[in-house]
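Quick notes on the structure that follows.
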Amino acid sequence: MTARPDPLIHPITRLSICGLLAAGADWVEFAALRDAAGISDSVLSKQSRVLEDAGYVEVRKGAVGRRPRTWFRLTAEGRLAVQGHLAWLAQLEEAFSASTQDPRQARPLPGDRDQPRRVLPPLLGST
Amino acid sequence: MRDVARDPAALELLRVQRSRLADRMRPPWWYLTGVAIMYALVFAFPFASRFLGASIWPFFVAALVVSVPLQWGWTRVTGIKIGFRNLSYPGPGRPARYAVVVVSLAAIVTEHFLIDRGLIVAAIAVAALAVVAEVAAQQALLRGIRQELRGGGGAA
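Below, the structure is given as structure tokens:
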């Protein structure tokens, strides 16, 4: 598996959905996914459709009595993409924590309210 | 939408979300009670075969009748489907998986042995202990699955 960013999984909502589906369950139900990700119904519907259209997520719809039930799972292609993206993020996190241990890089600049942004660009360029 | 590449806490957030997902796999009382009933049926088989001359099939069917709705209800409540993969899954709960098999076989063999020698009370005690051991193993198995879900099942 190669660690590389995937622009489709890059937004945090889609990363949450894919990361949760890649956690080890075969299928995850809509409400369980929504609650675990901490997002609204509409956001999950919209983002899952994007992932489904890209072939990353498989959706199965059913019903229990009158209540509709929607189940999600990652496709093989989606699993590969998520694993690659998570590995890339893990590398990024590792590099970030290593760089913040370096006092020259970790020292906040006067008036700098967004220190990680000042540290991360060179790291992004190096991956 | 927030850009995760500039947010080193994205993985930390994912860990929290996976932890939330794993917490859904905590067994409610009715699930453990159902598991206990299912194993009680299994371990009642040596008694029934000895005293009623019953074959294994009614017990097998009865255990299925309990376990299928139990599993259905469990999946419905948790919203998570994890099918049987192999005896090694989940990694952290592997000893519990083996324990389920070993305890089942050992208890049935021991019960037969004790019943043949007329030690009925001892056989009942063995069956009761086996049920308790199986419920404990099931809890350990679910703990292993929760741990696996928290860890991402190998995906970072």
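Sequence lines, in order, name chains A and B.
Using the numbering used here, you'd call the opening residue of the first sequence number 6 and step up by one each time.
Using the numbering used here, you'd call the opening residue of the second sequence number 850 and step up by one each time.
Backbone N, C-alpha and C fix where the C-beta goes; we use that ideal spot for every residue, glycine too.
Handout entry: Selected residue, minimal CA-CA separation from W923 of chain B, among A:V33, A:I44, A:L85, A:L25
Key = A:V33
Exercise for the section: Step through the CB atoms of chain A and report whether any lies within less than 9 Å of the CB of T927 of chain B. Expected result: yes
Practice task
List the residues of chain B that A36 of chain A touches, going by C-beta distances under 8 Å, in chain order.
Solution key: G928
Problem - Nearest-angstrom Cα separation, counted from A976 of chain B out to V958 of chain B - result: 11 Å
Problem - Residues near G130 of chain A in its chain [Cβ-Cβ closer than 7 Å; skip 5 each side] - result: Only weak support is given to the placement of G130 of chain A: the predicted model assigns it a pLDDT of 37, under 50, and the question is left unresolved by the model.
Practice task
Count the C-beta pairs between the stretch 51 to 65 of chain A and the stretch 943 to 952 of chain B that are closer than 8 Å, then say yes if the count reaches three, no if not.
Solution key: no
Exercise for the section: Compare the C-beta of L56 of chain A against all C-beta atoms of chain B and say whether one is closer than 9 Å. Expected result: no
Problem - Endpoints, the alpha helix (DSSP H) within which R867 of chain B is located - result: 859 to 872
Handout entry: Neighbour flag for A859 of chain B against chain A, beta carbons, 9 Å
Key = yes
Exercise for the section: Output, in sequence order along the chain, the residues in the stretch 63 to 77 of chain A whose CB is closer than 8 Å to any CB in chain B. Expected result: V69, W76
Practice task
Consider the Cβ of G1001 of chain B: report whether some Cβ of chain A lies at a distance smaller than 9 Å.
Solution key: yes
Problem - Proximal residues, the stretch 17 to 33 of chain A versus chain B, C-beta separation under 8 Å - result: I17, T18, L20, S21, G24, L25, A27, A28, G29, A30, D31, W32, V33
Problem - Three-state secondary structure assigned by DSSP to A139 of chain A - result: A query on residue 139 of chain A cannot be resolved here, the shown segment of chain A reaching from 6 to 132 and no further.
Handout entry: L13 of chain A in three-state terms, based on DSSP
Key = coil
Practice task
Could you tell me if F900 of chain B is buried or exposed, where buried requires 16 or more neighbouring beta carbons within 10 angstroms of its beta carbon?
Solution key: exposed
Handout entry: Within 9 Å, strictly: CB atoms of F77 of chain A and I17 of chain A
Key = no
Exercise for the section: Could you tell me the distance, in whole angstroms, from the CA atom of G100 of chain A to the CA atom of Q88 of chain A? Expected result: The sequence given here places Ala at residue 100 of chain A; Gly does not occur at that position. C-alpha separation (whole angstroms): 18 Å.
Problem - Complete alpha helix (DSSP H) runs within the stretch 57 to 93 of chain A (minimum length 4 residues, chain order) - result: none
Handout entry: Min CB distance A95 of chain A to chain B below 9 Å
Key = yes
Practice task
Identify whether I886 of chain B lies in helix, strand or coil by the three-state DSSP scheme.
Solution key: helix
Practice task
Whole angstroms is fine: what's the gap from S104 of chain A's alpha carbon to A36 of chain A's?
Solution key: 39 Å
Handout entry: Where I931 of chain B meets chain A, residues with beta-carbon distance less than 9 Å
Key = G29, A30, D31, W32
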